[in-house]
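Heads up: the sequence shown is residues 467 to 701, going by the working numbering.
Beta carbons are placed, not taken as given, at the ideal position from N, Cα and C, and that holds for glycine.
Nothing here was measured: the structure is a model prediction, and the numbers come from that model.
Below is one structure, written out as structure tokens; the observations come after it.
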Amino acid sequence: MERFWYLFLILIYLIFKMIFDFKKFKASKLKAKSHKLCRGMTYVELIVVLGIFSVIASIVLFNYGGFQAKVDIKNLASEFALKIVEAQKASLSGKLPPLAQQSQINSTWKPSYGVYIDRVADNKSFIYFTDLNSPTQNGIYNASSCPGVGECLEKITITKNNSISSLDVFYQGDVTPHSLNDLTVIFSRPNSGAVIKSTQINITLIISYIQITVLSPKSPIAKIKLYPSGRVQVN
467 MERFWYLFLI LIYLIFKMIF DFKKFKASKL KAKSHKLCRG MTYVELIVVL GIFSVIASIV
527 LFNYGGFQAK VDIKNLASEF ALKIVEAQKA SLSGKLPPLA QQSQINSTWK PSYGVYIDRV
587 ADNKSFIYFT DLNSPTQNGI YNASSCPGVG ECLEKITITK NNSISSLDVF YQGDVTPHSL
647 NDLTVIFSRP NSGAVIKSTQ INITLIISYI QITVLSPKSP IAKIKLYPSG RVQVN
């Protein structure tokens, strides 16, 4: 996109240079007729300039849709990252769940918050949840109505026809992405690191990072990388 605007500015410069050179040529040709040197642009000149600007405007409008799609998909990736960070902060600070959920925790409850994604069942939303004592604080998301009295605190709906295109796990020493259907990322006090779970993860291997890829219908993509340390990176 930066290259496009660079070419756009060059084109504007060339247009004005062309007009200036043309006026200079006319002035030198008609210097004997001084009363004509004070004229403005002719109709032909005006039509040419308007035509060129119409072409430029069409190019800008054509590229705007693609540019906006890139902005939207980056915003979606940032929303994912912020929810993960919110879960981490809520658990570390010892935040209590909403009143509707507090009846399902006891004195042994460890503040635990996370994000759950089921790409196969629904690739246009994800869940922000808290891990409660009822039925048991097991480090996974127990599906419930949202919002309600269960573990689901918020269902974030993905708009503008964007979607979660893939979930991948990368193991240490292996650059090959391994596809996942579902993903649970949870933080539990007092640890700042992320506990990463999925029905497809090989628990005998060490996870390097998880990658969430979001896709726009106009093709732009963005990737969210989550490391076991809790660090989140948006690409």
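Under the DSSP definition of a beta bridge, Ala-688 partners with Val-680. Per DSSP, Leu-562 lies in no beta strand (DSSP E) segment and is marked neither H nor E. By the C-beta density criterion, Phe-592 is buried, having at least 16 other C-beta atoms within 10 angstroms.
Scanning its chain for C-beta atoms nearer than 8 Å, with the 5 sequence neighbours on each side dropped, one finds around Ile-673 the residues Val-635, Phe-636, Tyr-637, Gln-638, Ile-662, Ile-667 and Pro-694, in chain order. Sixteen is the threshold: since fewer than 16 other Cβ atoms of the shown chains lie within 10 Å of the Cβ of Leu-565, the residue is exposed. By the Cβ test, the region 532–550 is in contact with the region 625–635, since at least three Cβ pairs between them sit closer than 8 Å. In the three-state scheme derived from DSSP, where H, G and I count as helix and E and B as strand, Val-581 is classed as strand. Ala-556 places its beta carbon 8 Å or farther from that of Ile-690.
Exposure of Gly-614 is indicated by the presence of fewer than 16 other C-beta atoms within 10 angstroms of its C-beta. The Cβ atoms of Leu-558 and Arg-655 sit closer than 8 Å to each other. By the neighbour-count criterion, in which a residue is buried when 16 or more other Cβ atoms sit within 10 angstroms of its Cβ, Asp-640 is exposed. CA-to-CA, the gap between Ser-569 and Ser-611 works out to about 16 Å. Per DSSP, the unbroken beta strand (DSSP E) holding Asp-634 starts and ends at 629–637. Nearest neighbour of Lys-576 by Cα position, chosen from Val-680, Val-700 and Asn-657, turns out to be Asn-657.
A residue is called buried when at least 16 other Cβ atoms come within 10 angstroms of its Cβ; Phe-595 meets this threshold and is buried. Shortest Cα-Cα distance from Asp-584 to any of Lys-561, Glu-620, Ser-632 and Tyr-675 involves Ser-632. Of the residues Leu-692, Thr-665, Ile-513 and Ile-669, the one whose Cα lies closest to the Cα of Gln-677 is Leu-692.
Here Ile-550 has Val-581, Val-651, Leu-692 and Val-698 as same chain residues with Cβ atoms under 7 Å from its own Cβ, once five neighbours each way along the sequence are excluded.
For Ile-652, the enclosing beta strand (DSSP E) has its first and last residue at 648–654.
Listed as beta-bridge partners of Lys-663 by DSSP are Thr-650.
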